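In what follows, a structure is listed as structure tokens, so that the remarks can point back to it.
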Amino acid sequence: MSKELSPLEVAKQSVDPYAGEAVFARLSRATVADITPEEDIVMRWHGLYRQRPAEAGLFTLRLRLPNGALTAQQATVLAGIAARLGGGRLDLTTRQNIEVHGLPLAVLEGVFHELRAAGLTTLGACGDTVRGMVACPAAGLDPDEMLDTRPVVESLTAAFVGNREFGNLPRKLKVAVCGCARHCVPVEINDVGLEAASNEEGDLGFALFVGGGLSASPTLAQSVGWIAQDQAVPVVKAIAAIFREHGNRSNRARARMKHLLGEWGIDRFRAELESRLGWAPRVIPGMALHAGSGRDHLGVLPQKDAGRRLVGVPVAAGLLTADQLLLLAKLAAEHGEGELRTTLYQNVLLPDIAEEAVDTVLAKLAENGLPVSESRWAGHTIVCTGREFCNKAMAETKKPAIRLLEALEEALPGRPARLRISGCPNGCGQHALGEIGLQGSGVKGESGLEERFDVWVREASPDGAPSFGRRVMSRVRPEEVLAVVREQVARF
8 MSKELSPLEV AKQSVDPYAG EAVFARLSRA TVADITPEED IVMRWHGLYR
58 QRPAEAGLFT LRLRLPNGAL TAQQATVLAG IAARLGGGRL DLTTRQNIEV
108 HGLPLAVLEG VFHELRAAGL TTLGACGDTV RGMVACPAAG LDPDEMLDTR
158 PVVESLTAAF VGNREFGNLP RKLKVAVCGC ARHCVPVEIN DVGLEAASNE
208 EGDLGFALFV GGGLSASPTL AQSVGWIAQD QAVPVVKAIA AIFREHGNRS
258 NRARARMKHL LGEWGIDRFR AELESRLGWA PRVIPGMALH AGSGRDHLGV
308 LPQKDAGRRL VGVPVAAGLL TADQLLLLAK LAAEHGEGEL RTTLYQNVLL
358 PDIAEEAVDT VLAKLAENGL PVSESRWAGH TIVCTGREFC NKAMAETKKP
408 AIRLLEALEE ALPGRPARLR ISGCPNGCGQ HALGEIGLQG SGVKGESGLE
458 ERFDVWVREA SPDGAPSFGR RVMSRVRPEE VLAVVREQVA RF
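Residue numbers (this note's numbering): 8 to 499.
Rendered as structure tokens:
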């Protein structure tokens, strides 16, 4: 690590990122112009981003939802906040979190009190720390799962949330845990990945991978070895410590785990990990990384419990209204066990729905703009926040995606491709993983930046190995996107 720290790293040295209560109390009586650089850091660590347009002085709030789970009561509280303060809108994210946009500075202290009272947290949802772990949303429910990963995710969450030992990393650290038989979790694009696997003796544990990521230089995670289930927490803590001490703190563009792996190589990384643990993950020949399938748990699905069903609800572009979230909460409370789960594909699961109530639930969802079908384009599409709110985006994504999905549903019903839409090269919409990917770009016009989209296409590897797509077209006009997508679908 370079001895010369970036300006942000210098500021981070004197900040307690978890001192939110005092900061939000002061800011409730301040203006956006009054926010100090140190307070801005605290806000990020508490799940807050400044949103576009800057002159509006509004913020996006991101919750942290381990396993994507929240109770019906928590969902009701969140829907109320969105209805009162966030324009009645909520966005589902690819890390199973939920965002509320448009919050003014003056309301933040009260919002945090309300969330805390409901048992919800935003801590570590943003910032240079260990972010929320992603996992199969059907964990513990899917009769075909290899491993119920909820206990591991809960233990990892307890180990990192609010832990000052890992509160100042060079950049974010993303962790994925997969026990799903359909490989719904894209382990290959995470900084740390744990994928259920057996050793030579048949003991079920995890294959450990490190160094995956997207952005402008997509990188596949590399294999470290096999670990037992009870070794997951100490192993991930050791990896986080390596990253904390050796990650690049002088250049944020080169500060992710994948950059450290690129500099060191996997052998040096294994050696450093072994020196910290006092033992080495077992290297098992042929233990390969599975490609994330891109397949969500959609439609009416069986559960382990007889007489219960899992209902996977497609959510177009990951956009929910407050009223729709209230409906989902009500259905979960009345016909299930009072739980909802968000997915990695910006959809929602209703677990434990009584078999005899399924038709009623489906009818209510359809009446409220959430028809349930595995073959709908909405359930197979990921869309980033886009230029409407994101300061980095070059193109608007959400509203155009809604129009695109409606047109595709009419033109190509029952033939959904895995469509991924990002507003810029950073790839929050995972365009490099889509069968068809759209990446926001732009050209200079007379009135400023004119939005365009680059088109990516990915073909599955014959051996099932993970891979990224390739750019096949550049600077496509928004009004031409539908025709281009239809053309690409016809080639499959």
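We treat Cβ as the ideally placed atom computed from N, Cα and C, and that holds for glycine. Only a predicted model underlies this, so the values are computations on that prediction, with no experimental measurement involved.
- Between H387 and I360, the C-beta gap is not smaller than 7 Å, which leaves the two residues out of contact.
- When the Cα atoms are used, L85 and L296 turn out to be separated by approximately 37 Å.
- For Q20, the secondary structure class from DSSP, reduced to helix, strand or coil, is coil.
- Boundaries around V160 are those of the alpha helix (DSSP H), R157 to F167, since no beta strand (DSSP E) includes it.
- Closest by C-alpha distance to V491, out of L411, S230, L335 and A245, is L411.
- In this structure, DSSP gives S481 an extended state, which the three-state scheme calls strand.
- In the structure shown, E466 falls within a coil segment according to DSSP collapsed to helix, strand and coil.
- In its chain, beyond the 5 residues on either side, G186, A203 and L211 have a beta carbon closer than 7 Å to the beta carbon of L154.
- By the Cβ neighbour-count rule, L34 is buried, with 16 or more other Cβ atoms within 10 Å of its own.
- Residue pairing by DSSP places G220 opposite T226 in a beta bridge.
- By the Cβ neighbour-count rule, R348 is buried, with 16 or more other Cβ atoms within 10 Å of its own.
- The stretch 96-168 contains, as complete beta strand (DSSP E) runs of 3+ residues, the segments 96-99 and 105-111 (chain order).
- Only exposed fits A278, as fewer than 16 other CB atoms lie within 10 angstroms of its CB.
- Relative to T83, the option among G219, D461 and T328 whose CA is nearest is T328.
- Between V483 and R459, the beta carbon gap of about 6 Å places them in contact (Cβ cut-off 8 Å).
- Per DSSP, K406 is one residue of the alpha helix (DSSP H) stretching across K405 to A418.
- Judged by their CB atoms, A424 and A385 are not nearer to each other than the 7 Å cut-off.
- A straight line joining the alpha-carbon of L215 with that of L77 spans about 28 Å.
- Here DSSP, grouped into helix, strand and coil, assigns L284 to helix.
- For V492, the enclosing alpha helix (DSSP H) has its first and last residue at V488 to R498.
- With contact defined as three or more Cβ pairs closer than 8 Å, the stretch 57-68 and the stretch 287-295 are not in contact.
- Leaving aside the five residues that flank S13 on each side, the residues in its chain whose CB is nearer than 8 Å to its CB run, in chain order, R256, S257, N258 and R259.
- With respect to V199, A142 sits apart: the two C-beta atoms are not nearer than 7 Å.
- Cβ-Cβ separation between G476 and G441: approximately 6 Å, consistent with a contact (criterion under 8 Å).
- Residues of the same chain with a CB within less than 7 Å of the CB of S454, apart from the 5 flanking positions on each side, do not exist.
- P24 and G131 have their alpha carbons spaced roughly 9 Å apart.
- For the options W233, A313 and R422, the alpha carbon positioned closest to that of R289 is the one of W233.
- Assigned with DSSP and collapsed to three states, G269 falls in helix.
- About 7 Å separates the beta carbons of P473 and G299, which is inside the 8 Å limit, making them a contact pair.
- Ranked by how close their Cα comes to the Cα of G218, the residues E207, V231, G325 and A339 have V231 in first place.
- For D47, the uninterrupted alpha helix (DSSP H) segment begins and ends at P44 to W52.
- Going by C-alpha positions, A165 is about 22 Å away from E252.
- Counting other Cβ atoms within 10 Å of its Cβ, W286 stays below 16 and is therefore classed as exposed.
- I428 carries a strand assignment under DSSP once its states are collapsed to helix, strand and coil.
- With a threshold of 16 other beta carbon atoms within 10 Å, V17 falls short and is exposed.
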